[in-house]
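The structure appears right after this line, and notes come after that.
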Amino acid sequence: MNKQSIYGLTREQLVAWLAERGHKKFRAMQVWDWLYRKRVTEFSAMNDVNKGCLSLLEENFAIDTLGEHMRQESADGTIKFLFRLEDGNLIETVLMRHKFGLSVCVTTQVGCNIGCSFCASGLLAKSRDLTSGEIVGQIMKVQLHLDQMQNKERVSHVVVMGIGEPFDNYVHMSNFIEVIKDHKGLAVGARRITVSTSGLAKKIEEFADSSLGVNLAVSLHAPNNELRTRIMKINRAIPIEQLMESIRYYLNKTKRRITIEYILLKDVNDQQEHALELADLIRDISQQANVNLIPYNPVDEHSQYQRSEKESISGFYDTLKKQGIGCSVRLEHGTDIDAACGQLRSKQIKKPGRTALAEAAQN
Numbered sequence: 000m001n002k003q004s005i006y007g008l009t010r011e012q013l014v015a016w017l018a019e020r021g022h023k024k025f026r027a028m029q030v031w032d033w034l035y036r037k038r039v040t041e042f043s044a045m046n047d048v049n050k051g052c053l054s055l056l057e058e059n060f061a062i063d064t065l066g067e068h069m070r071q072e073s074a075d076g077t078i079k080f081l082f083r084l085e086d087g088n089l090i091e092t093v094l095m096r097h098k099f100g101l102s103v104c105v106t107t108q109v110g111c112n113i114g115c116s117f118c119a120s121g122l123l124a125k126s127r128d129l130t131s132g133e134i135v136g137q138i139m140k141v142q143l144h145l146d147q148m149q150n151k152e153r154v155s156h157v158v159v160m161g162i163g164e165p166f167d168n169y170v171h172m173s174n175f176i177e178v179i180k181d182h183k184g185l186a187v188g189a190r191r192i193t194v195s196t197s198g199l200a201k202k203i204e205e206f207a208d209s210s211l212g213v214n215l216a217v218s219l220h221a222p223n224n225e226l227r228t229r230i231m232k233i234n235r236a237i238p239i240e241q242l243m244e245s246i247r248y249y250l251n252k253t254k255r256r257i258t259i260e261y262i263l264l265k266d267v268n269d270q271q272e273h274a275l276e277l278a279d280l281i282r283d284i285s286q287q288a289n290v291n292l293i294p295y296n297p298v299d300e301h302s303q304y305q306r307s308e309k310e311s312i313s314g315f316y317d318t319l320k321k322q323g324i325g326c327s328v329r330l331e332h333g334t335d336i337d338a339a340c341g342q343l344r345s346k347q348i349k350k351p352g353r354t355a356l357a358e359a360a361q362n
């Protein structure tokens, strides 16, 4: 049976786990420092931790539970990792270079059941949630790669926007955030962490009530129920009115800004009428929201959708601005390595005559 990843424990959980087995808090702090500051990948490397504690950890936990199946590097410095989990499943993680630092986009599920009709990630149905250790493990693998480059670079920003719906894996996602923002570990600032949701209203409210203190982005992608239901099946269960109420709850409770994500699909949701309708929809929260316009990355399996023309993108942006709505156009990263979430994974899984498990077995 595979051992649990020790990355899945928050610092408090590690302290409690060891305390229950007779080890003092300072011992847990030693282990924590070895994991996240010195970033060792074997318990035996923790040379100031007593052998009894190390044996206990070795017996119950693993450190490195992700295998690097493939890596693609873009001309712009973006790196897309395809990691193999211990059960043979494949997940994607992306490192992006910005002027403000290094950002990592992590995955929270194997596949996705939200069913957005334009999304590459949804081509493969969800088979399971990732554990918090598997999510933290993605950050650690990327940071270890940076360490090996010896440029003294560190992951400074994290976006939970990879494969899957983070709020459908809420507990593990929350533990992941607690681990990476811990000031005695990786110390990724709360304001540098963003979680994206397709609109699970009840979870948005739970998120608002939590002490996580990180940023929220909501994938809206349409200004009315008819259009949103057509491209995002989640809207059948949670219509825009309910979603907007949960957003207002979040804003009132947290007093923090929110990002509204809006993917631009040619001749579907990118016309001036859509921009005006979107402006009306969010006008009452416009001082606390920013619309992030996302140029679409075409996917072969979703050939009914195409990227909006540059004129349509700029026109949509200008219309929102004139309506007093703060907005921006997302900068593209890794266009030459299939930048859209899920593309690398789905291409590997669907290679003729080869399955993910078969490929994993050969590596």
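Be aware that the sequence shown starts at 0, since it is given in numbering that gives the first Met the number 0, and climbs by one per residue. In this text, a Cβ means the ideal position worked out from N, Cα and C, and glycines have one as well.
Residue i versus residue j: straight-line alpha-carbon distance, rounded
i    : j    : result
G66  : Q303 : 35 Å
N291 : G21  : 51 Å
E204 : S43  : 43 Å
A119 : L129 : 19 Å
I239 : Q149 : 48 Å
H301 : L122 : 9 Å
I284 : D269 : 21 Å
S195 : W16  : 31 Å
H171 : S131 : 4 Å
T92  : I134 : 10 Å
Y6   : R227 : 38 Å
F206 : A61  : 30 Å
A288 : L250 : 9 Å
K275 : S313 : Checking the sequence, you will find Leu at residue 275 rather than Lys. Each residue's Cα considered, the two are about 14 Å apart.
K320 : C326 : 7 Å
V14  : M28  : 8 Å
D86  : Q3   : 13 Å
E260 : P165 : 15 Å
E225 : I262 : 16 Å
T318 : N223 : 17 Å
L356 : N88  : Confidence at L356 is low in this model, with a pLDDT of 37, below 50, so its placement is unreliable and the value that follows should be read with caution. Using only the alpha carbons, I get a separation of about 7 Å.
L211 : S173 : 7 Å
Residues of its chain near residue i, where Cβ-Cβ distance is below 6 Å and the 5 sequence neighbours each way are ignored
i    : result
R127 : V109
R10  : W31 and D181
S116 : I230
I78  : E72 and L94
K232 : G114
Beta-carbon proximity list for residue i, same chain, < 7 Å, skipping 5 on both sides
i    : result
Y35  : G184 and L185
R306 : K265, P294, Y295 and P297
S245 : A200, I203 and E204
Within-7 Å CB hit, residue i to chain C
i    : result
H182 : The chain labelled as chain C is not found in the depicted structure, where only one protein chain is given.
Bridge-paired residues (DSSP) for residue i
i    : result
R96  : L101
I90  : F82
R70  : F80
T60  : In the sequence as presented, Thr is not what sits at residue 60; that position holds Phe. Q3, per the DSSP bridge assignment.
M231 : C115
- Message: Any contact between the stretch 124-139 and the stretch 178-185? By contact I mean 3 or more CB pairs, one from each, below 8 Å.
- Response: yes
- Task: Count the CB pairs spanning the stretch 155-166 and the stretch 105-113 that are closer than 8 Å, and state whether there are at least three.
- Result: yes
- Query: What are the start and end residues of each continuous beta strand (DSSP E) run of 3 or more residues lying completely inside the stretch 251-316, in chain order?
  - Reply: 257-263 and 288-294
- Query: Touch check for the stretch 32-49 and the stretch 69-82: three-plus C-beta pairs under 8 Å?
  - Reply: no
- Message: Quick check on the DSSP output: what are the complete alpha helix (DSSP H) runs of length 4 or more inside the stretch 177-224, in order along the chain?
- Response: 200-208
- Message: Check whether the stretch 78-88 and the stretch 13-29 touch, using three or more Cβ-Cβ pairs below 8 Å as the test.
- Response: no
- Message: Any contact between the stretch 247-256 and the stretch 269-282? By contact I mean 3 or more CB pairs, one from each, below 8 Å.
- Response: no
- Complete runs of the alpha helix (DSSP H) confined to the stretch 114-162 [at least 4 residues]: 131-148
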